[in-house]
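Engineer:
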Amino acid sequence: MAPELQPEVLRCAAVLAYMGLEVLMEPDLLRNLEESQAEQNGGQEQHYPTKKQSDWGWLKPSLSVWEKKDPEVDVVVTIGGDGLLMHANGLFPLAAPPIISISGGSLGFLAPFYTDEMEEALARGLSYTGAPASENEFLSYFGDEVTPPNEDVASEAGSLALEAEDVGMHLSLRMRLRCTLCPGEASLEQQAASQDQEEVVGWTVLNEIVVERGSSPHLTRIEVHVDGEYLTTMQADGLIVATPTGSTAYSMSAGGSMVHPSVPAILLTPICPHSLSCRPLLLPDSAKIVLTNSINARAKAWVSFDGARQAQLRPGDSLQVTMSKNPLPTVNKVDSTVDWFGGIASAFHFNERAMQKTLRQEKLDGKSLWIIETSDECLSCLFTLKYSALPCREAFSVIGLHGGAKAKALAPSLEKKKKDVSV
Numbered sequence: 000m001a002p003e004l005q006p007e008v009l010r011c012a013a014v015l016a017y018m019g020l021e022v023l024m025e026p027d028l029l030r031n032l033e034e035s036q037a038e039q040n041g042g043q044e045q046h047y048p049t050k051k052q053s054d055w056g057w058l059k060p061s062l063s064v065w066e067k068k069d070p071e072v073d074v075v076v077t078i079g080g081d082g083l084l085m086h087a088n089g090l091f092p093l094a095a096p097p098i099i100s101i102s103g104g105s106l107g108f109l110a111p112f113y114t115d116e117m118e119e120a121l122a123r124g125l126s127y128t129g130a131p132a133s134e135n136e137f138l139s140y141f142g143d144e145v146t147p148p149n150e151d152v153a154s155e156a157g158s159l160a161l162e163a164e165d166v167g168m169h170l171s172l173r174m175r176l177r178c179t180l181c182p183g184e185a186s187l188e189q190q191a192a193s194q195d196q197e198e199v200v201g202w203t204v205l206n207e208i209v210v211e212r213g214s215s216p217h218l219t220r221i222e223v224h225v226d227g228e229y230l231t232t233m234q235a236d237g238l239i240v241a242t243p244t245g246s247t248a249y250s251m252s253a254g255g256s257m258v259h260p261s262v263p264a265i266l267l268t269p270i271c272p273h274s275l276s277c278r279p280l281l282l283p284d285s286a287k288i289v290l291t292n293s294i295n296a297r298a299k300a301w302v303s304f305d306g307a308r309q310a311q312l313r314p315g316d317s318l319q320v321t322m323s324k325n326p327l328p329t330v331n332k333v334d335s336t337v338d339w340f341g342g343i344a345s346a347f348h349f350n351e352r353a354m355q356k357t358l359r360q361e362k363l364d365g366k367s368l369w370i371i372e373t374s375d376e377c378l379s380c381l382f383t384l385k386y387s388a389l390p391c392r393e394a395f396s397v398i399g400l401h402g403g404a405k406a407k408a409l410a411p412s413l414e415k416k417k418k419d420v421s422v
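Per numbering that gives the first Met the number 0: the sequence shown ends with 422, consecutive numbering throughout.
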């Protein structure tokens, strides 16, 4: 955990506890916080809880260690970047609780809330309507012997309660992919029959599955079947199977389209294919995809899931990819469309460029003048329009300048030096 995020994590925990919720933390995160607290207390180590109880005096009820065998979690809060959301996805491969993502990383495309909006995000996401508390009540609740991690947290927590009409939230049900690995001797029919078995061990991904050559100098040779029908054999550096959420990640870098998270589709995006006719594809979310490392492939292929866990595809091995029955619910700041448009604008600076100057036509002494408009402080060229012999080209003559005192001063001299310009 980045040191600058520690106060935000403690602040979040304090607000959640104030709302009357049991706060669970992953063991590594809680241990990291306790070690940091020990350093701030002159090196005195605090006892790491063995029975899920923390002895931090300022946080009551105490923090607890989260274990996967614990009862169902009602809501997950992440403070970090998009990678942390991938991590949270991996913790809940089946049914997942709503996730409130607060931006604290380098990009944060999937985290619509900022740290200074934390209190409002938590109150809205949890539909908190409790009575506001004063700063003294807050400090008394958490223990006034220790200063809260953020000086503003008490006053901010005092204004957490929302009006009845403000309560509620929008959720994005983000499609996930379920992946299972099949050995080479299994036929396509056996693979298709096995995907309905609950006991099959596999992976649940939020962004993408990537089949690639790894350190091998040879191209991958991936046979692609969709709904039992042969589609193509991909000879490329690799192949990406992405969700709409993952369309703005590796798939976008490889030339795939950006897809709105509400679109029910699966993306197939080749990585550096050795073919001029190989293009990204969009398939329906009901598609059952089988990727087989050809028995004639020169080397094994590697598979990564959301950029992390890896597996090998030996020649003849197959990977099944289908839509998961359990989407990942994430809390929106406004709604899925507004948040997504805001993300591609702020994170990717979508379609940003200098705007063309306005071109307008005026009449002067019977001639058509084309003026490129600029501010009063800038100079703009004044053209007289003449038609050339080529139908798609126009020839212009510079006859002067327009706009500003400097333009007026230079105009007489430039009129004597007319010069044809073709554009």
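Glycine included, every Cβ here is placed at the ideal spot set by N, Cα and C.
Grouping DSSP H, G and I as helix and E and B as strand, with all else coil, what is A95?
Structural biologist: coil
Engineer: Pick helix, strand or coil for Y229, following the three-state DSSP scheme.
Structural biologist: strand
Engineer: Quick check: the stretch 111-130 against the stretch 327-347, are there 3 or more CB pairs under 8 angstroms?
Structural biologist: With contact defined as three or more Cβ pairs closer than 8 angstroms, the stretch 111-130 and the stretch 327-347 are in contact.
Engineer: If you measure between the beta carbons of L230 and V240, is that distance less than 9 angstroms?
Structural biologist: no
Engineer: When you compare each of S250, E25 and E7 to L280 by their alpha carbons, which one comes out closest?
Structural biologist: S250
Engineer: What residues in its chain sit with their C-beta under 8 angstroms from that of M85, if we drop five residues either side in the sequence?
Structural biologist: Sequence-distant partners of M85 (beyond 5 residues in either direction) whose C-beta falls short of 8 angstroms from its own C-beta, in its chain, are L205, N206, D305, G306 and A307.
Engineer: For the stretch 292-301 against the stretch 310-320, do three or more pairs of beta-carbon atoms, one drawn from each stretch, fall closer than 8 angstroms, so that the two count as touching?
Structural biologist: yes
Engineer: DSSP three-state label for N295, please.
Structural biologist: coil
Engineer: The beta strand (DSSP E) with Q319 in it runs from where to where?
Structural biologist: S317 to M322
Engineer: In three-state terms, what does DSSP make of W65?
Structural biologist: Three-state result, W65: coil.
Engineer: Can you tell me the Cβ-Cβ gap for C178 and I208, rounded? I've got them flagged as a contact below 8 angstroms.
Structural biologist: 6 angstroms
Engineer: Does the beta-carbon of T357 have 16 or more other beta-carbons within 10 angstroms, so that it is buried, or is it exposed?
Structural biologist: exposed
Engineer: With a Cβ-Cβ cutoff of 9 angstroms, do P243 and V258 count as a contact?
Structural biologist: yes
Engineer: When DSSP labels each residue in this structure, what does L205 get in the three-state scheme?
Structural biologist: Three-state DSSP puts L205 in coil, outside helix and strand.
Engineer: On the criterion of 16 or more Cβ atoms from any shown chain inside 10 Å, does D338 qualify as buried, or is it exposed?
Structural biologist: buried
Engineer: Going by alpha carbons, who is nearest to S171 out of G201, G213 and G124?
Structural biologist: G124
Engineer: Using 10 angstroms around the beta-carbon of V152, count the other beta-carbons present and answer buried if the total reaches 16, otherwise exposed.
Structural biologist: For V152, the pLDDT reaches just 45, beneath the cut-off of 50, and the residue's location in the model is therefore unreliable, leaving the point undetermined.
Engineer: From E3 to L106, what distance separates their C-alpha atoms?
Structural biologist: 16 angstroms
Engineer: Could you work out which residue in P97, F112 and P96 is closest to G436 when comparing CA atoms only?
Structural biologist: It is not possible to answer for residue 436, since the shown part of the chain is limited to 0 through 422.
Engineer: Which value, in whole angstroms, describes the spacing of the CA atoms of Q309 and W202?
Structural biologist: 10 angstroms
Engineer: Taking the alpha-carbon of E71 as reference, which of E21, V302 and S274 has the nearest alpha-carbon?
Structural biologist: E21
Engineer: For a test of the three-state rule: what should DSSP assign to H224, helix, strand or coil?
Structural biologist: strand
Engineer: Give the DSSP-derived three-state secondary structure of P283 in the structure shown.
Structural biologist: Of the three classes helix, strand and coil, the one that applies to P283 here is strand, per DSSP.
Engineer: Quick check on G245: does DSSP put it in helix, strand or coil?
Structural biologist: helix
Engineer: Using 10 angstroms around the beta-carbon of P97, count the other beta-carbons present and answer buried if the total reaches 16, otherwise exposed.
Structural biologist: buried
Engineer: For the alpha helix (DSSP H) that contains A264, what are its first and last residues?
Structural biologist: For A264, there is no enclosing alpha helix (DSSP H); the residue is part of the beta strand (DSSP E) that begins and ends at A264 to P272.
Engineer: Could you pull out every residue in the same chain whose Cβ sits closer than 8 angstroms to the Cβ of M24, ignoring the five residues on either side in sequence?
Structural biologist: A12, L32, L62, S63, V64 and W65
Engineer: Taking only the alpha-carbon atoms, compute the straight-line gap between A235 and W301 and give it to the nearest angstrom.
Structural biologist: When rounded, the distance between both Cα atoms is 13 angstroms.
Engineer: Just the C-alpha distance for L176 and S323, rounded to the nearest angstrom, thanks.
Structural biologist: 5 angstroms
Engineer: Can you round the beta-carbon distance between R278 and G237 to whole angstroms, since I take them to be within the 8 angstroms contact cut?
Structural biologist: Incorrect: roughly 15 angstroms between the Cβ atoms, too far for contact.
Engineer: Is M18 helix, strand or coil when you go by DSSP?
Structural biologist: coil
Engineer: Are K287 and V262 closer than 9 angstroms when you measure CB to CB?
Structural biologist: no
Engineer: Can you look up L125 in the DSSP assignment and give me helix, strand or coil?
Structural biologist: coil
Engineer: Looking at the secondary structure, which residues open and close the beta strand (DSSP E) in which S171 lies?
Structural biologist: L170 to R173
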